[in-house]
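full-length UniProt numbering puts the first residue of the sequence shown at 1, with every later residue one more than the last. No residue lacks a Cβ here, since even glycine has one placed at the ideal position from N, Cα and C. All of these numbers come straight from a predicted model, not from anything done at the bench. Right, one structure below, let's go through it.
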Amino acid sequence: MVTLIEFQLASRREQQSVRENCERHAKELVENQQQLRSATIKARKAISRFHAYSAKTTTERLSDLLSKMGDRVAQSEQTMDSLIHSSSVLVQTHSEFESHAGHIKTGNKLLSKYERRELTDKILVAIALIFYFAVIYYILQKRILSKFWLW
């Protein structure tokens, strides 16, 4: 194609100029192709590195997330064990309180029963003392005071 254009030009100078321009453009084309190839290779390498880095960071994040989830699960297990232990302690304590409440109620009944008996005993002792002093008075009256008094 360049040769066709050269024949159409009249002077040798124009032909030489066109030929030089064509050679220069051909060199530029080759250089541009090489630069494009090297830029494409660099871009592919950069994209590859970016994907590798992205995959690495994603893997690290997933690993961190997995370890955090494992820690949470372990913490939840400990909390669950603690709750189960606390619940059993509370059930034991509740049963102990119920037995203590039964003892306290029984003690309360016994105390009220003893209070009634104490009152009854006081009344009986008072009646016995009155009877005792009445008997003493009667004996004194019949034996000693009847001689002094004339009734």
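_For K42 and E77, the rounded distance between their alpha carbons_ = The residue labelled residue 77 in the question sits at position 77 within the sequence shown. The residue labelled residue 42 in the question sits at position 42 within the sequence shown. Spanning the two alpha carbons is a distance of roughly 51 Å.
*Using the Cα positions of R13 and H51, report the straight-line distance between them to the nearest angstrom.*
Walking along the sequence shown from the start, residue 13 turns up at place 13. Walking along the sequence shown from the start, residue 51 turns up at place 51. Each residue's alpha carbon lies about 55 Å from the other.
*Is L129 near the ligand GDP, with its Cβ less than 7 Å from a heavy atom?*
Inclusion of the ligand GDP in the displayed structure is not the case, the ligand content being empty and no account of it being possible.
*asked:* Helix, strand or coil for S11? Go by DSSP, reduced to three states.
replied: Taking the sequence shown and counting its residues from 1, one reaches residue 11 at position 11. S11 falls in the coil class under three-state DSSP.
*Rounded to a whole number of angstroms, what is the C-alpha to C-alpha distance between T57 and S48?*
Translated into the one-based positions of the sequence shown, residue 57 becomes position 57. Translated into the one-based positions of the sequence shown, residue 48 becomes position 48. When rounded, the distance between both Cα atoms is 14 Å.
*Any beta strand (DSSP E) of 3 or more consecutive residues that is wholly inside the UniProt domain "Sec20 C-terminal" (55-144)*: none
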